[in-house]
Structures are given as C-alpha cells and as structure tokens.
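Participant: Mind having a look at this structure? Questions to follow.
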Amino acid sequence: MTDEDRVARVRELLESVRAEGRTALTAPEGRVVADAYGIAVPGEELARDVDEAVAAAARLGGPVVLKIVSPDIPHKTEAGGVVVGVAGADRVRAAFHEIVGNARAYDAGARIEGVLVQELLPAGQEVIVGAVTDPAFGKVVAFGLGGVLVEVLKDVTFRLAPVSADEALSMLDSIRAAQVLRGVRGRPGVDRWAVAEQIRRVSELVADFPEIGEVDLNPVIATDRGAVAADIRILLAEQRPVPRRTYGREEILASMRRLMRPHSVAVIGASNEPGKIGNSIMRNLLDGGFAGDIHPVNPRADDILGRKAYKSVADVPGEVDVAVFAIPARFVAAALEEVGRKGIPNAVLIPSGFAETGEHALQAELVEIAERYDVRLLGPNIYGYYSTWQDLCATFCTPYDVKGPVALTSQSGGIGMAVLGFARTTRTGVSAIVGLGNKADLDEDDLLTWFGEDPHTECVAMHLEDLKDGRAFVAAAREVVPRKPVVVLKAGRTAAGARAAGSHTGALAGDDAVYDDILRQAGVIRAPGLEDLLEYARALPVLPAPQGDNVVIITGAGGSGVLLSDAVADNGLSLMEIPPDLDEAFRRFIPPFGAAGNPVDITGGEPPATYEATIRLGLADPRVHALVLGYWHTIVTPPMVFAELTARVVAEFRERGVEKPVVASLAGDVEVEEACRYLFERGVVAYPYTTEKPVAVLGAKYRWARAAGLLPGGS
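So the sequence shown is residues 1 to 715, counted in my numbering.
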C-alpha cells in the first residue's frame, strides 16, 4: 500500500465515523487503521453471532480473547465486555452470551455490532504506546509502562510527533524503568526495534491526521521476539484545531529589530500628571537617555515634559518604530487602527482589561486589527520593556540601566518586578527585560528568535505560565541553544490536565511531564523555581563551557565535602576517579590527617598556600574539567584572602588559555558574603551558606553544554 493509499483509506474511515456523530472508533475500525500504518496487532475476527465466534476461535487456534464491539460502549472492561483466555467451543459460546448480556445490562440502548474474537498474546512486558493532543505542543507521542499504572506511576516519556526511528528508540531509555526493558533477573529483554516501530508508526498516524485526538495502544505486549498491541483505541478530537497565524524568521527579526532598537517611539496617552502611567513612561524614556525621537500623543495637551504633543499618532511626523499604549482598554482598538494606518510595526500594549479579565472579544478585536495592518503586538496587560543597550526604558516601573549579557522575560508583571529587583541587588547586567502579559501576539518564540541573534545577549531566561505554540518555541530553542543557554521557569508544574481524558494516554494531556520531556529534548534548561531561574541567568554567562565530565571537589571541611558530593550526584554530574599520579600530587599538599581522593579534603587549618597549590593543581591537570571549591572560614585563611587568591589563580590560568568552570561554596561568618561578591565579579560563581546552589549552577552549565553538542551525550 502506498502512502497515498493508506492516507486515503484512513481518511475515508475517519470521515464516516465523524458523519455518524461518533468520536470513538470501534475495535474493527481501529484494526483498519493499524493495518494501514503497520501497527502490529493480534489476529482477530468479528463474530456477529455465537456460531461465528466458535468458528473464528477454531481458526485462530488456542485460547482467545472475546471483546464486545459497540460504538456506544467505549470502555469495554467497565461494561464487563471482555473475557480473556477462552478455550473450547462450549466456553466460547458461554463467554459470547456472557459479554453480550453484560453489555445490554450496562447500556440497554447500546448498538452491538458483534464480538471480537482475538488471538491471546503470550506473556510479556506490558508497555503503553500512545499519542495525545497537548494544549501547548499539539501532537505528542508517549511511551511508558503499560496498564492502569501509567496514570499512577507516570513513568512516561514524550516526544513531538512525528518521531524518527532514533528518537523512538531513545524513548525506551528515557523512562525510570528502562532497565526492565533490557532484561532483569534472568528475563530476556524486549525487542527494542519492534517497540520503537510501534511508537514511530503511531507518531506518523497522528502527524498525518490532526483530527485524531488520542491514540492508545494499551497494553502493548513486548517480548524478545516482537511487540504487539493487544488493544488499540482511537478518539477523534471534538474540534479541529484553529490555525494560528505564523511568521517567518526574517519577518520576526525585522519587526523585533525595530522593537528592540527603535529610532522613534510614540507614547499614546502620554501625560504631564505625576502618578499617571503615561507620565511614568515618558519620564523613564527621557531620564533613561534614549537617544531616539520621543513623541507624546495626547489630544488634550500641546506639550508634555518639554516635548511637542500630538493630537493623534497620525499627526506624528516621519516613521515611528514603536507605539507604547498608556490609555484605558476601551480606547485601545481605535488607537490601534490609527497605528496601523500610520504603518507603525510594533504596538506595546500596557493597559489591562482584556482576556485576563474575561474580555476575550476585546482582545480578539485587537488581534484582528493588528493582523490586518501587519502590526505586531506586545501584551496587553504588561509592565512594558527595557532594552538597556539602547538606553530604552519603555515602562511605568522603576528604571534599570545596568547593561549586560542576560535577556529576561516574564509573563507576569509581579514576576517581572522580582526579576528587576534581583538584577538590581546582584548587579546583574541585562540586555533586555520584557513583559509578555496576555501574549495576544508576540510570545516567547518571537523573543527567543531575536535574542538568539542579538550580539548583546549571551543567555536567555524566561518565566512562562504557558506556551501558545510549543512547537514554534521548540524550533526557536533548537536554533539558539547551540550558541546560548536558554533557561525556562514554567509555572503550574502541579496543575492537573485541563480536560477529562478518554484513555490512559489522554489522561496525560497537559501534564507537566510533557513540558519537562520536550523542553529537555529542545536543550532548554528548566529551572525549578524563580530564584533558580535568576541565579542560572546570572551565573551561566560567567562560567566557561566545560570540556569534559570530570569534576573535582577541593574542600577545607569534610562535612561540606560530603554535602558537595551529594549535590554533584543530584545534578547529574560525575566525580572524577582520581588517577594515582594526581592523587599523589594532591597528597603532597595535604596534612596526614587530611584526605585525598575526591573530594580532596585539605582540612580547615591549612594556610592560604594550601588552597592555592591544590587549586593550581586542579586547573593545571587537563584530565580535570571543573572545580568545586568548599571553603571553611578560619582566621588562618580569612574569606577575602581565599577569594583574592582564588580569583588571581583562575585569572592567571585563563590568560594562559586554560578555562574551566570553577564554583565555590563559602561557609563562615558574614564576611563570606563580601568574598562571594568579589569572586562572582571575577568569574568564579560563589555562594555563601549553601553547598547546593553553586553545584546546581554548574549542573545547569553542563546540561547546556551537552544540549549544545559540546560534550558526549549531547545533541
């Protein structure tokens, strides 16, 4: 069967099901789809009466499974419509009557098309293969342990559909119970290729037919000789997906360039009155030193803060790159029409009162106007944005002008202010801070596309509550990650799925595990919390990329060495097995009551020279790829002495071209805080009072290096 033939056959079937007002395919209909896509299923026949059932069982040979076939009974087991292991004509007759009787008792009005007589599969490992329509990512394929436990244990992994053969195979190693599939306690492993083929073929099916909402092969019986789906369940989506307007890469970059590097900004709703949002935006633009043209727009003023005011944006002379809105929601649509007619490519919508308050129609009107005039919308319901390298502060919040390599975005205004406060406290240099709000148009993938090309941005950190188009975000991330780390804080990790599911696989739609798996596959670093997001963003540009997996801990306290070792394991890092020659070299600097090995415990009473000598040794040996330093506050080696010698040695080696990530945990009195600041400013990521945080940052750098293809095991 050609690809065209199989698609035509399945499409005809799905259209007939839809025409009958059904969303669930019957088992025989599922068999048609399985045969078309090469999904392995057992031998089976549809029996319309008891004599046909007996004859079918005889032809199949051996024990069989009998299942009710009814378009009105989607859950056969709940209706008592399944009997397993039936052998012999008498038992087949009895089972046939039993399940038909159960079905009539379950739903007296149900249409019964017959009983499916199916070959009983041999014992094997039950797994689940399925596909689901995720709210953010669309069609995703799922794999995990089979049976109802899939919903309890959630040992499931996901990929965007369709998947390649290699991606399908990778899913077998991505579940926690992967070893079970390889064989345990004398049991043979499963036929991995056969299982992967079931995954790949299901993924092709749902990619070809967006109208399929869910596919559930549960269980698939996997043995060392193959993998066969004992049951196939296919549900059509209740509604066909609404196509979203998309933009090409060059279109995105062209509009984003004028948004982030504007020559001319109009403020619609500019005001002379302190306390008004329009006044705050004007003051921030003027006081921030923006070198471009600033045009206040207010029909009731001639002059605002020393600048000529215009009655309408249409009256503003020349080209305008950005229109910032500071007017009530009810006036925005009319003003946006004027912006569109003026040919302004970007509208920054600060006002609230749209979809977030239930005013979906009002927000939809803005989108329609913007699409009609090719205006890109940022917002609504945002605090504005900062483009620091342009001295642009287009916001009603406090100004920020510390230029640096980190781009920060947030969907929430409150989180945006936390970002701002953290940046100010830690003196984190930023290239941009952008609010996204309701994301009526511009969203994370637009910003990511821009920041990937922005020479001022070395790391992108994003807080998000959802993704409008997860596939577009993944595509953008895969472009950016090989060059720059992308860190995401996804809110709502514990939220339940948004809708009731019709199958075990469907129960996982909207599950946070989908985000987790697919973002990881895209190379995105996922931050567990807000502080982690901000610390990763601050620290990742500071650390050089590691060149290998060997991590060495050098500590002045045995206790911190143990905790640092735990943190290394928790973050998926590898403590180096110290070779004998390096072990002997470390021992020359360690007192007899210290300990070489890894961690290298130099003990707390050692002078600065011991710290310096061991750090030098770790940096000089090419087999060591990263250092974790554990400092313990003593009068013998005060905090700033430790900080200064560490920074000096690291700088010396970097001048020689030896760049390794070095992180430090400082335990001690309050002086360690100043020492950490000193180290951070000089390229050593250091934190006081914690052994977890510096290693977590190092782990994030390693995850990025793998995703960027700089280390084995990466993409």
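Positions of the beta carbon are idealized from the N, C-alpha and C atoms, including for glycine. The structure displayed is predicted, hence computed values, not measured ones.
Bridge partners of W632, per DSSP?
Facilitator: A667
Participant: Give me the Cα-Cα distance between D49 and Q118, rounded to the nearest whole angstrom.
Facilitator: 15 Å
Participant: Apart from the five residues on each side of it in sequence, which residues of its chain come closer than 8 Å, Cβ to Cβ, to Y37?
Facilitator: Within the same chain, Cβ atoms closer than 8 Å to the Cβ of Y37 are found at R6, V10, R201, V202, E204, L205, the five residues on either side in sequence being excluded.
Participant: Where does V697 sit, in a helix, a strand or coil, going by DSSP?
Facilitator: helix
Participant: What are the residues that DSSP puts in a beta bridge with R307?
Facilitator: I304
Participant: Grab the span of the alpha helix (DSSP H) containing N438 for me, first residue to last.
Facilitator: Note, N438: premise wrong, no alpha helix (DSSP H); not H, not E.
Participant: Look at the alpha carbon of G497 and the alpha carbon of T133, and state the distance between them as a whole number of angstroms.
Facilitator: Residue confidence is low: G497 scores 40 on pLDDT, short of 50, so the model does not pin down where it sits. Its coordinate-derived value is still stated next. Whole-angstrom Cα-Cα distance: 12 Å.
Participant: With K342 as the anchor, note down where its alpha helix (DSSP H) starts and where it stops.
Facilitator: 329-342
Participant: Pick out the complete beta strand (DSSP E) segments inside the segment 226-258, 3 residues or longer, and give them in chain order.
Facilitator: 226-229, 232-236
Participant: If I'm right that S387 touches M260 with Cβ under 8 Å, what's the distance once you round it to whole angstroms?
Facilitator: Contact between S387 and M260 holds, with the beta-carbon distance rounding to 5 Å and staying under 8 Å.
Participant: What number of angstroms, rounded off, separates the C-alpha of Q521 from the C-alpha of D512?
Facilitator: Taking the straight line joining both Cα atoms gives about 14 Å.
Participant: Among residues of its own chain, excluding the 5 on either side of A705, which ones have a beta-carbon nearer than 6 Å to its beta-carbon?
Facilitator: A545, P546, L711
Participant: Going by DSSP in three states, E677 sits in which element: helix, strand or coil?
Facilitator: In the sequence as displayed, the identity of residue 677 is Arg instead of Glu. Of the three classes helix, strand and coil, the one that applies to R677 here is helix, per DSSP.
Participant: Consult DSSP for P28 and reduce its assignment to one of helix, strand or coil.
Facilitator: helix
Participant: Evaluate contact between the segment 335-354 and the segment 314-321, counting only Cβ atoms and requiring at least three cross-stretch pairs below 8 Å.
Facilitator: Touching, yes, given that three or more Cβ pairs across the two stretches are closer than 8 Å.
Participant: Write down every uninterrupted run of the beta strand (DSSP E) in the segment 580-663 whose length is 3 residues or greater and which is fully enclosed by it, in chain order.
Facilitator: 626-632
Participant: For D443, which residues of its own chain have a beta-carbon under 6 Å away from its beta-carbon, when the five flanking residues on both sides are left out?
Facilitator: Around D443, the same chain offers K468 as residues with beta carbons nearer than 6 Å, after the five sequence neighbours per side are excluded.
Participant: If you count every other CB in all the chains shown that lies within 10 Å of the CB of R703, and 16 or more means buried, which is it?
Facilitator: So R703 counts as buried.
Participant: Quick one: using the 10 Å Cβ neighbour count with 16 as the cut-off for buried, is V670 buried or exposed?
Facilitator: Note on V670: under 16 other CB atoms within 10 angstroms of its CB, so exposed under the neighbour-count rule.
Participant: Is the Cβ-Cβ distance between T614 and V600 less than 8 Å?
Facilitator: yes
Participant: What did DSSP end up calling G130 once you bin it into helix, strand or coil?
Facilitator: strand
Participant: Kindly provide the ranges of any alpha helix (DSSP H) runs that are 4 or more residues long and lie completely inside the segment 140-196, ordered along the chain.
Facilitator: 149-153, 165-172, 178-182
Participant: Classify W193 as buried or exposed, calling it buried when 16 or more other Cβ atoms lie within 10 Å of its own Cβ.
Facilitator: exposed
Participant: Could you check if M282 is buried or exposed, using at least 16 other CB atoms within 10 Å of its CB as the buried criterion?
Facilitator: buried
Participant: Apart from the five residues on each side of it in sequence, which residues of its chain come closer than 8 Å, Cβ to Cβ, to V163?
Facilitator: V141, M171, I199, R200, S203
Participant: Express the C-alpha separation of A567 and A585 in angstroms, rounding to a whole number.
Facilitator: 26 Å
Participant: Going by C-alpha distance, which of A95, A237, A557, A40 is nearest V628?
Facilitator: A557
Participant: Tell me the rounded alpha-carbon separation between V17 and T23.
Facilitator: 7 Å
Participant: Taking only three categories from DSSP, how would you classify I99?
Facilitator: helix
Participant: Can you tell which of G470, S431, L582, D441 has its C-alpha closest to the C-alpha of G452?
Facilitator: S431
Participant: Taking the alpha-carbon positions, what's the L392 to Y373 distance?
Facilitator: The alpha-carbon separation between L392 and Y373 amounts to approximately 25 Å.
Participant: Using C-beta distances below 7 Å, list every residue in its chain close to D224, excluding the 5 sequence neighbours before and after it, in chain order.
Facilitator: P188, G189, V190, D191
Participant: Check whether the Cβ atoms of A34 and G226 sit closer than 8 Å, and answer yes or no.
Facilitator: Result no, Cβ atoms of A34 and G226 do not sit closer than 8 Å.
Participant: So L617 packs on V663, CB below 8 Å; how close in whole Å?
Facilitator: Actually they do not touch by this definition, with Cβ atoms about 17 Å apart.
Participant: Can you give me the Cβ contacts of D208 inside the same chain, cut-off strictly under 8 Å, excluding the 5 residues immediately before and after it?
Facilitator: Cβ within range, chain order: V7, V10.
Participant: Is S70 helix, strand or coil when you go by DSSP?
Facilitator: coil
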